[in-house]
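So for the sequence shown, the UniProt record's numbering puts the first residue at 1; every next one is plus one.
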Amino acid sequence: MYISEKKIEVRYAETDQMGVVYHANYLVWMELGRTKLIEELGFKYADMEKDGIISPVIDIEISYKSPVRYGEEAIVKTWIESYDGLRVTYGYEILNEQGALSVTANSKHVCVRKDSFRPISVKRQFPDWHEAYEKAKK
1 MYISEKKIEV RYAETDQMGV VYHANYLVWM ELGRTKLIEE LGFKYADMEK
51 DGIISPVIDI EISYKSPVRY GEEAIVKTWI ESYDGLRVTY GYEILNEQGA
101 LSVTANSKHV CVRKDSFRPI SVKRQFPDWH EAYEKAKK
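Structure, rendered in structure tokens:
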């Protein structure tokens, strides 16, 4: 299983009045982690979009454990939890600067045609991605 790591410098705008990262910002960080994982596997999501394919979230689970605060650096760990050629579930852990687990999460995606939202087979349409995901998944 391949695990990507993305460092995030917590900005003031990402926090609430208590100086704690606002909960919705973790979703943005997960996207940054997912994008980095895809790039480390040798691909760019933007290239898939140029081919008229998008990958919407169809399910998301997130559990908050401990806060990340303004001025800290967070680490987003991302991996492929499961993949079946049609759907992919990414796993995430977000650690605070002290290395404590702040968030665990999963997001499930499916690749669809942008114009019709009909699912596509990644294996058939993007065989290189399919092979890379098969090798990298948990």
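A virtual CB, placed ideally from N, CA and C, is assigned to each residue, including glycine.
A straight-line Cα-Cα distance of about 21 Å links Asn25 and Ile3. Taking the C-beta atoms as reference points, Ser82 is found nearer than 8 Å to Lys137.
A contact between stretches requires three or more CB pairs, one per stretch, nearer than 8 Å, and the region 124-136 fails this requirement with the region 91-106. A straight line joining the alpha-carbon of Gly52 with that of Pro119 spans about 12 Å. Note on geometry: alpha-carbon atoms of Ile62 and Val21 lie some 14 Å from one another. Around the Cβ of Glu14, a 10 Å sphere holds 16 or more other Cβ atoms; the residue is buried. Between Pro56 and His109, the gap from beta carbon to beta carbon is short of 8 Å. In this structure, the alpha-carbon of Met30 lies about 11 Å from that of Glu5. Take Ile60, set aside five residues on each side of it, and the residues of its chain with a beta-carbon closer than 8 Å to its own are Leu27, Ala105, Asn106, Ser107, Lys108, in chain order.
A direct Cα-to-Cα measurement between Ser116 and Val88 gives close to 20 Å.
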